Structures are given as C-alpha cells and as structure tokens.
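Below is one structure; the comments refer to it alone.
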Amino acid sequence: MELHILEHRLRVASIAKESIQLFTYGLIKLAFLSSKTRCKFFSLTETPEDYTIIVDEEGFLELPSSEHLSVADATWLALNVVSGGGGFSGSQPIGVTKIAKSVIAPLADQNISVFMLSTYQTDFILVRERDLPFVMHTLAAEFTILRVVNGETVAADDLGITNGFVKPKLVQRPVIHPLSSPSNMFCVTSLDPDTLPTVATLLMDVMFYSNGVKDSVVGNEDSGHIRFFSFSLIEGYISLVMDVQTQQRFPNNLLFTSASGELWKMVRIGGQPLGFDECGIVAQISEPLAAADIPAYYISTFKFDHALVSLKAASLGHGRSFGPFSWEKSHDETISHPRELVEGPSL
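So the sequence shown is numbered by full-length UniProt numbering: it starts at 1 and just counts up by one.
Listed below in structure tokens is the structure:
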C-alpha cells in the first residue's frame with residue numbers, strides 16, 4: 001500500500017460556541033465560496049463544547065485574529081493511506097480500523113501523537129510537521145511513502161533518520177479515558193459540490209444556528225442526544241457527518257448514502273479535554289475494533305475524540321465484548337468504566 005503525505009500545512013483551532021458569530025463570514029467563505037479562496041483543506045466540526053476547525057494555511061488567513069480563537073501551537077500534515085495508485089478521491093476508503101495495525105499502532109508505539117479526521121471519502125491521519133521524519137522512518141517498512149508536491153505525487157525524500165529507534169515489544173493498550181455514547185444515531189454522507197448552492201441556506205442554519213432549534217428531540221440533550229455535526233471540503237470533495245434527525249431536514253435523493261443506508265453509533269472519548277500531546281488514544285480505541293473486524297470512523301476534535309462504530313456490527317455483537325467495549329441495550333446511562341458501552345448522555 002501507499003502512504004501519501006499531502007502538501008497541505010494545517011492548523012487546528014477551536015472557537016467557543018458563544019463566539020461563533022465573530023467568525024461566520026470567514027467560515028461561510030471557506031465552506032460555500034471556496035473558489036474565492038486558495039484554501040484546499042477545510043473541516044468544521046461542532047460538538048457540545050465548541051467548534052473545531054482544521055484548515056490549511058491559506059484558509060486560516062480568512063479567519064480574523066481573535067482572543068476567542070484558540071489555536072494549537074503545531075503545524076500539522078495530513079497522511080492518507082491509499083490501497084492502489086492515485087489520490088484519495090479515486091481509492092476505496094480504508095477505514096480507521098483497517099489502518100489500526102499498520103499505521104495507528106506503530107505511531108503510538110513510537111510515542112507519536114496523531115489527530116484523526118475520517119470523512120466520507122477517506123481517513124486522514126494528521127501528524128505534527130516536526131514529527132514527519134520519525135513518522136516516515138516508523139512506517140517505511142510497511143508502505144511506499146509518496147509526497148504530493150504542487151499536485152503531483154512523487155517519491156518522498158529520505159529524511160535521514162537511521163538510528164535511535166527500537167522496535168517496541170507488543171504491549172496491551174488499555175483504554176484509560178472515560179467513554180460515553182449519546183443516544184442519537186449518525187450517518188456519514190456526501191453531496192455533489194454542484195448541488196451545494198441548493199442547500200447552502202439549510203447548511204448554514206445547521207452549522208451556525210443550531211442552538212436556536214427548539215425541536216424537543218433535536219435540541220434536548222437531556223434525552224441523551226448531543227449536538228454533533230461535521231462538514232469537510234477537502235480538495236473539492238464534501239463530507240458530512242450528522243445525526244439522523246439532521247439528515248431528515250435535507251431534500252430526498254440529494255445526499256449520497258450507501259445502499260444499505262448504514263447508521264453509526266458514536267462513542268465519545270475523554271472526561272477532561274484530551275490535549276494534543278498524549279499518544280495512543282486513537283490506538284486504544286481502533287485496535288480492539290480492528291481485531292473484531294468492526295468498521296469505524298474516527299474524528300478528533302480540539303477537546304475530545306469521537307469514534308463512529310457500525311450500528312450493524314454493534315447489533316450483531318450485542319452481549320459480546322470487543323476489547324474495551326461491551327454492547328448493552330440500556331438507555332440514559334453514562335459509561336462509568338471503559339468496558340461498559342451503553343446508550344446514554346454525553347460526558
């Protein structure tokens with residue numbers, strides 16, 4: 001397989017919910033008027049806590065400097081695993097559980113922190129730019145490593161890391177952070193960019209004005225539902241992650257979905273903000289899911305991580321344990337121990 005190092009230099013930032021109006025002009029431009037910018041990589045994810053933005057340096061210039069914008073200090077690079085030739089847009093999605101053993105675990109073993117962004121099209125593994133030599137050295141035996149330069153894919157240069165690495169012994173990686181699972185179900189979908197103007201007003205309402213929704217099901221987090229919506233526009237491809245209630249607001253036959261209409265169950269990771277330095281969090285979650293052959297998406301945000309696990313696999317696995325997860329049919333309970341996975345309110 002090939003590992004592509006994309007040319008985007010990315011920033012990761014957080015906007016407080018109450019301050020989003022200060023940034024809507026720039027965010028709308030990045031999401032809906034991308035032809036007016038030089039931005040090629042933009043993702044906005046709303047959680048109950050904040051908005052997380054992942055954006056390239058060109059797009060970052062569209063955002064105003066503000067004390068209400070918290071920015072991670074590192075510059076990040078996006079890696080993409082491709083099963084064959086070509087870029088991510090032409091490849092079959094790998095899935096975070098499919099790269100758990102080959103990418104996520106080896107980087108965790110070398111204490112390299114990663115930040116994940118799964119989309120409808122593919123999975124992006126974000127690593128700090130300063131860690132790239134160590135990333136390449138760690139993964140060189142498993143992958144043909146290529147780098148995208150000015151839109152062309154070329155062989156990546158050997159960055160000269162020749163020693164200082166010791167192959168780690170296989171160790172158990174216990175889940176050390178609390179888990180919770182909201183009661184809403186999610187879909188991962190996309191739409192044709194040409195149809196974006198058709199739903200631009202609706203998308204703006206979903207992205208920026210959701211707190212004004214009075215619907216008792218959508219807006220009431222006491223019911224176990226949480227607010228989570230992710231919009232990504234990356235190299236011209238759109239990805240949307242939303243709950244079923246939000247999906248129902250969109251016109252029929254506009255969103256791309258699988259033939260099975262598969263739904264996904266969310267697992268939120270973290271009791272306190274996770275930060276960016278701890279290594280192995282993604283591996284703790286993805287490895288047991290991979291071992292059980294359970295498909296999953298994974299979206300890191302500024303404060304917490306989120307795994308989206310196949311509801312079909314969860315149903316088939318009812319009553320069984322997969323590593324840190326035990327599927328139970330219980331409502332309105334919080335996960336008090338990592339081995340318990342139940343439907344309930346968010347952390």
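Ideal placement from N, C-alpha and C gives every residue a C-beta, glycine not left out. Just so we're clear, the structure is a prediction, and the values are computed from it rather than from any experiment.
Rounded straight-line distance, which links the Cα of residue j to that of residue i
i: I5; j: C279; result: 20 Å
i: F276; j: R128; result: 10 Å
i: E67; j: D194; result: 36 Å
i: T189; j: E142; result: 30 Å
i: T201; j: D243; result: 18 Å
i: S286; j: L132; result: 22 Å
i: L77; j: L126; result: 5 Å
i: Y51; j: Y209; result: 12 Å
i: V71; j: A13; result: 4 Å
i: D305; j: S118; result: 12 Å
i: R130; j: I53; result: 21 Å
i: A140; j: F115; result: 20 Å
i: M302; j: V206; result: Per the sequence shown, the amino acid found at residue 302 is Phe instead of Met. Distance between the alpha carbons of F302 and V206: 20 Å.
i: E62; j: K17; result: 19 Å
i: R173; j: I112; result: 15 Å
i: G270; j: K36; result: 38 Å
i: Y120; j: S65; result: 31 Å
i: I226; j: T45; result: 13 Å
i: A283; j: D109; result: 9 Å
i: V149; j: E58; result: 16 Å
i: P273; j: E49; result: 10 Å
i: P197; j: Q245; result: 22 Å
i: M1; j: S83; result: 5 Å
i: R249; j: F134; result: 45 Å
Neighbourhood of residue i by C-beta, 8 Å cutoff - its chain only, sequence neighbours within 5 removed
i: A290; result: T97, K98, A100 and K101
i: L191; result: V199, I238, L240, L254, L255 and F256
i: Q247; result: C187, T189 and L255
i: S230; result: S43, L44, T45, E46, S239, L240, V241, M242 and I299
Simplified DSSP state of residue i, which is helix, strand or coil
i: residue 374; result: Outside the displayed range of the chain (1 to 347) lies residue 374, so it cannot be described from this structure.
i: G90; result: Reliability fails at G90, whose pLDDT of 46 lies under 50, so the model's placement of it is uncertain and no value is given.
i: M1; result: coil
i: K265; result: strand
i: D243; result: strand
i: I176; result: coil
i: I28; result: helix
i: L132; result: helix
i: D123; result: strand
i: T45; result: strand
i: L274; result: coil
i: F250; result: coil
i: S183; result: coil
i: L202; result: helix
i: S118; result: strand
i: L6; result: strand
i: S14; result: strand
Proximal residues to residue i (C-beta, below 7 Å), its chain only, five neighbours per side dropped
i: Q21; result: none
i: D56; result: H8, R9, L10, C39, K40 and F41
i: P295; result: G95, T97, S310 and A313
i: A155; result: L146
i: L233; result: A31, S34 and F42
i: V103; result: V81, I125 and L139
For residue i, the first and last residue of its enclosing beta strand (DSSP E)
i: A307; result: D305 to S310
i: E152; result: E152 to A155
i: F228; result: It is not in any beta strand (DSSP E) - F228 carries neither H nor E in the DSSP assignment.
i: A296; result: A296 to S300
First through last residue of the alpha helix (DSSP H) which encompasses residue i
i: A291; result: I281 to A291
i: D194; result: It is not in any alpha helix (DSSP H) - D194 carries neither H nor E in the DSSP assignment.
i: A146; result: The amino acid at residue 146 is misidentified as Ala; the sequence shows Leu. Counting along the chain, L146 falls outside any alpha helix (DSSP H), though it belongs to the beta strand (DSSP E) covering T144 to V149.
i: L33; result: Counting along the chain, L33 falls outside any alpha helix (DSSP H), and DSSP gives it neither H nor E.
i: A108; result: A105 to D109
6 Å Cβ shell around residue i - same chain, five flanking residues per side excluded
i: E235; result: K40
i: P106; result: T138
i: T75; result: R9 and E129
i: P178; result: G271
i: A307; result: V267, I285, A296 and Y298
i: T24; result: F208
i: S19; result: H68
Any non-hydrogen atom of the ligand SAM closer than 7 Å to residue i Cβ
i: T138; result: In terms of ligand content, the structure shown is empty, and the ligand SAM therefore cannot be addressed.
Go through the region 51-91 residue by residue and report every complete run of the beta strand (DSSP E) that reaches 3 residues or more, in order. 69-71 and 76-82
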